[in-house]
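Chain order of the listed sequences is S and L.
Going by our numbering, 1039 is the number at position 5 of the first sequence; the sequence numbering is gapless.
Going by our numbering, 1214 is the number at position 94 of the second sequence; the sequence numbering is gapless.
Heads up, the beta-carbon is just placed ideally off N, CA and C, and yes, glycines get one too.
If you're wondering where the values come from, they're calculated on a predicted model, not measured in any experiment.
Structure, as structure tokens:
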Amino acid sequence: QKEVEQDPGPLSVPEGAIVSLNCTYSNSAFQYFMWYRQYSRKGPELLMYTYSSGNKEDGRFTAQVDKSSKYISLFIRDSQPSDSATYLCAMSGAGNNRKLIWGLGTSLAVNP
Amino acid sequence: NAGVTQTPKFRVLKTGQSMTLLCAQDMNHEYMYWYRQDPGMGLRLIHYSVGEGTTAKGEVPDGYNVSRLKKQNFLLGLESAAPSQTSVYFCASSYQGGDTGELFFGEGSRLTVL
């Protein structure tokens, strides 16, 4: 079993839809949770960063962490064609668990 | 503001040839990383550096060597390329460790080994 599981998709939604992207993990020591966005033929860029549990909102994007279920989510409201990309989750712990672990990424297409 | 620049962007090699990928960052970051990204495998860390003159192995270091002679540059070398090294290579840098700080990625170098 991989430490981080992420459904690769592809996920296809109409413009304006609410998108939910998810990752599950097995290591209860993870404390830092990140979402990176990667456009085709580009490098990943950090989208959201969350420490420990709870929600974080930034414009149309909301990151949610449920440590009790070992589950993180990224919600995109009012999705736009420009949101079409691959979304990668990444996470790490502290101390001896500081290694950054990546999900495989979910491919999202937002259709006009 | 260039950020992280990788050269070359594309390269085709024959099995057994050698080459070096160059990564340069202008953000004065201490940490630098080399990843490879393959379909179904995701991002895998090859080598990383926590400062000038230091390097360390990542998850998949075999067949690669690195050097960090200058703080702004991180070189990835393939001494004898193999078809299994066909991949997209990404360099990244961060001010602090990537677990607690943002990684800035280059645009990638696409390598094909025939």
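Contact list for residue i against chain S, beta-carbon separation under 7 Å
{"i": "E1150 of chain L", "result": "By Cβ distance, chain S contributes nothing, its closest Cβ being about 15 Å from E1150 of chain L, past 7 Å."}
{"i": "F1210 of chain L", "result": "G1077"}
For residue i: DSSP bridge partner residues
{"i": "H1167 of chain L", "result": "L:W1154, L:K1177"}
{"i": "Y1184 of chain L", "result": "L:L1198"}
{"i": "P1048 of chain S", "result": "S:N1145"}
{"i": "L1223 of chain L", "result": "In DSSP, L1223 of chain L forms no bridge with anything."}
{"i": "L1108 of chain S", "result": "S:L1055, S:A1097"}
{"i": "G1162 of chain L", "result": "L:D1158"}
{"i": "N1193 of chain L", "result": "L:A1144"}
Assumed close pair residue i, residue j - CB separation to whole angstroms, cut-off 8 Å
{"i": "D1158 of chain L", "j": "S1229 of chain L", "result": "In fact, because the Cβ distance is near 14 Å, the residues do not count as touching under 8 Å."}
{"i": "G1077 of chain S", "j": "G1226 of chain L", "result": "5 Å"}
{"i": "V1099 of chain S", "j": "I1106 of chain S", "result": "5 Å"}
{"i": "S1213 of chain L", "j": "M1161 of chain L", "result": "Not really, about 22 Å apart at Cβ, beyond 8 Å."}
{"i": "V1180 of chain L", "j": "R1164 of chain L", "result": "5 Å"}
{"i": "G1104 of chain S", "j": "T1058 of chain S", "result": "Residue identity check: residue 1104 of chain S is Lys in the sequence provided, not Gly. Their Cβ separation, rounded to whole angstroms, is 6 Å, which keeps K1104 of chain S and T1058 of chain S in contact under 8 Å."}
{"i": "V1047 of chain S", "j": "S1113 of chain S", "result": "6 Å"}
{"i": "Q1065 of chain S", "j": "Y1085 of chain S", "result": "6 Å"}
Partner residues on chain L for residue i, Cβ-Cβ distance less than 8 Å
{"i": "G1088 of chain S", "result": "In chain order: nothing, as chain L lies at least about 17 Å away."}
{"i": "G1137 of chain S", "result": "G1162"}
For residue i, the first and last residue of its enclosing beta strand (DSSP E)
{"i": "M1139 of chain L", "result": "1139 to 1145"}
{"i": "S1113 of chain S", "result": "Per DSSP, S1113 of chain S belongs to no beta strand (DSSP E) and is neither H nor E."}
{"i": "Y1209 of chain L", "result": "1207 to 1214"}
{"i": "L1138 of chain S", "result": "That residue, L1138 of chain S, is in no beta strand (DSSP E); it is neither H nor E in DSSP."}
{"i": "S1126 of chain S", "result": "1119 to 1126"}
{"i": "S1229 of chain L", "result": "1229 to 1233"}
{"i": "Q1126 of chain L", "result": "1124 to 1127"}
{"i": "L1133 of chain L", "result": "1130 to 1133"}
7 Å Cβ cut-off: residues of chain L touching residue i
{"i": "L1081 of chain S", "result": "Those do not exist, as L1081 of chain S stays about 10 Å from chain L at its closest Cβ, beyond 7 Å."}
Per-residue contacts from residue i into chain S (C-beta, under 9 Å)
{"i": "E1172 of chain L", "result": "Going along chain S, no residue has its Cβ under 9 Å from E1172 of chain L, so there is no contact; the nearest lies around 21 Å."}
Proximal chain S residues relative to residue i, where beta-carbon distance stays under 8 Å
{"i": "G1097 of chain L", "result": "Here chain L covers residues 1121 to 1234 and nothing more, so residue 1097 of chain L does not appear."}
- Message: Suppose only complete runs of 3+ residues qualify. What are the beta strand (DSSP E) ranges in the segment 1051 to 1102 of chain S, listed by chain order?
- Response: 1053 to 1059, 1066 to 1072, 1079 to 1085, 1088 to 1092, 1095 to 1100
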